[in-house]
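Quick notes on the structure that follows.
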Amino acid sequence: MYVKVLVQVGYEPLPPTLGRNIFGRQVYQLPGLFAYAKHIMKIDGRAGLFKGLAPRLCSGAIGTIVHSKVLQHCQEADETEESGTNPKESGSSLDQVIKETTQEMIARSAATLVTHPFHVITLRCMVQFIGRETKYSGVFSSFVTIYREEGVLGFFAGLIPRLLGDILSLWLCNMLAYLINTYALENGVSTMSEMKSYSQAVTGFFASMLTYPFVLVSNLMAINSCGLAGGLPPYAPAYSSWLHCWSQLQREGNMSRGNSLFFRKVPAGKRYVWEEKRFH
Numbered sequence: 001m002y003v004k005v006l007v008q009v010g011y012e013p014l015p016p017t018l019g020r021n022i023f024g025r026q027v028y029q030l031p032g033l034f035a036y037a038k039h040i041m042k043i044d045g046r047a048g049l050f051k052g053l054a055p056r057l058c059s060g061a062i063g064t065i066v067h068s069k070v071l072q073h074c075q076e077a078d079e080t081e082e083s084g085t086n087p088k089e090s091g092s093s094l095d096q097v098i099k100e101t102t103q104e105m106i107a108r109s110a111a112t113l114v115t116h117p118f119h120v121i122t123l124r125c126m127v128q129f130i131g132r133e134t135k136y137s138g139v140f141s142s143f144v145t146i147y148r149e150e151g152v153l154g155f156f157a158g159l160i161p162r163l164l165g166d167i168l169s170l171w172l173c174n175m176l177a178y179l180i181n182t183y184a185l186e187n188g189v190s191t192m193s194e195m196k197s198y199s200q201a202v203t204g205f206f207a208s209m210l211t212y213p214f215v216l217v218s219n220l221m222a223i224n225s226c227g228l229a230g231g232l233p234p235y236a237p238a239y240s241s242w243l244h245c246w247s248q249l250q251r252e253g254n255m256s257r258g259n260s261l262f263f264r265k266v267p268a269g270k271r272y273v274w275e276e277k278r279f280h
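What follows is the structure in structure tokens.
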């Protein structure tokens with residue numbers, strides 16, 4: 001995640017090398033995950049690869065608890081509402097899929113809302129690598145820093161595109177899986193349950209690819225104009241809103257920046273660190 005975030009921000013300290021793409025053609029590619037990680041280790045050591053780990057663990061633990069509690073509450077409320085009525089159709093019916101997806105959406109949204117401040121701190125701890133800052137060092141001190149400089153709204157920077165991406169991904173995944181399981185797979189297949197689990201995985205991957213721009217924009221807005229070199233001009237433009245960020249990335253052709261950590265083509269739109277070194 002650390003390497004991915006730095007790539008999403010557009011930090012490219014290493015020059016491209018001549019390699020081959022998946023079709024065998026020679027192209028200039030930026031270093032992949034392992035070369036990038038080796039560069040971080042060369043500067044900060046192995047421990048440097050785990051910047052932002054503490055707030056990330058807090059986010060994961062709290063998010064899991066909130067998600068399970070909210071989902072359980074939704075399911076219990078639904079069972080209470082349905083008590084005394086006739087049992088509905090099997091779980092593969094469209095109504096059942098919509099109901100379960102709605103419950104999951106509410107649970108995920110609640111978990112995202114509660115844990116987003118930790119997510120913001122995680123990203124800013126990682127982006128400090130660019131300017132070698134130490135502004136965000138601990139979880140509690142980071143909370144104080146954000147509140148003092150940006151107020152309560154600072155804890156929710158980039159929240160809207162993140163929520164939209166999560167919701168769209170969830171609905172796309174579940175509805176596509178429902179269509180495949182209902183109309184593309186025959187009930188007579190002996191490995192039906194296994195095939196359905198595969199279809200869920202494939203549609204999940206497809207949905208995450210389609211909604212990736214929301215993840216990118218959310219992460220960029222979380223560090224935008226926060227006092228770190230990686231989120232300030234001239235390195236990064238000052239975005240007035242997440243829609244401005246979206247349109248700027250779209251204009252540059254960088255909507256998928258950081259989506260892949262292998263076979264990476266050189267992104268467009270601005271001068272990178274390795275170009276600055278060559279220029280000087």
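Numbering (the UniProt record's numbering), first residue to last: 1 to 280. Beta carbons are placed, not taken as given, at the ideal position from N, Cα and C, and that holds for glycine.
- With distances taken from CA atoms, which of G32, N224 and E100 is nearest L18? Of all alpha-carbon atoms in G32, N224 and E100, the one lying nearest the alpha-carbon of L18 is that of G32.
- Unbroken alpha helix (DSSP H) run spanning T102, endpoints: L94 to G131
- Query: Between the C-alpha atoms of V66 and N254, what's the straight-line distance to the nearest angstrom?
  - Reply: 34 Å
- Item | S9 and V127 closer than 8 Å at C-beta | With the sequence shown as reference, residue 9 is identified as Val, and Ser is not the correct amino acid for it. Here V9 is near V127, since their CB atoms are less than 8 Å apart.
- Per-residue burial, Y147 [other beta carbons within 10 Å of its own, 16 or more giving buried]: exposed
- Message: Looking only at its chain, what residues have a beta carbon closer than 7 Å to the beta carbon of R56, apart from the 5 residues adjacent to it on each side?
- Response: T122
- With DSSP run on the structure shown, which of helix, strand or coil describes Y183? Here Y183 sits in helix by DSSP.
- Drop a sphere of 10 angstroms on the beta-carbon of S169, count the other beta-carbons inside from all chains shown, and report buried for 16 or more, exposed for fewer. buried
- Task: Measure from the alpha carbon of residue 320 to the alpha carbon of each residue in R124, T115, F263 and G258, then state which is nearest.
- Result: A question about residue 320 goes unanswered here, because the residues of the chain that appear run from 1 up to 280.
- Task: Could you have a look at G32 and say whether DSSP puts it in helix, strand or coil?
- Result: coil
- At what residues does the alpha helix (DSSP H) containing G63 begin and finish? Element bounds for G63: L53 to E82.
- In terms of alpha-carbon separation, which member of P16, G131 and Q103 lies closest to P234? Comparing Cα-Cα distances from P234 to each of P16, G131 and Q103, the minimum goes to G131.
- Task: May I have the straight-line CA-CA distance separating T115 from P213, to the nearest angstrom?
- Result: 21 Å
- Distance between beta carbons of L172 and A207, contact taken as under 8 Å: In this structure A207 is in contact with L172, their Cβ atoms being roughly 4 Å apart against a cut-off of 8 Å.
- Going by other Cβ atoms of all chains shown within 10 Å of its Cβ, with 16 needed for buried, is S218 buried or exposed? Around the beta-carbon of S218, 16 or more other beta-carbon atoms lie within 10 Å, marking it buried.
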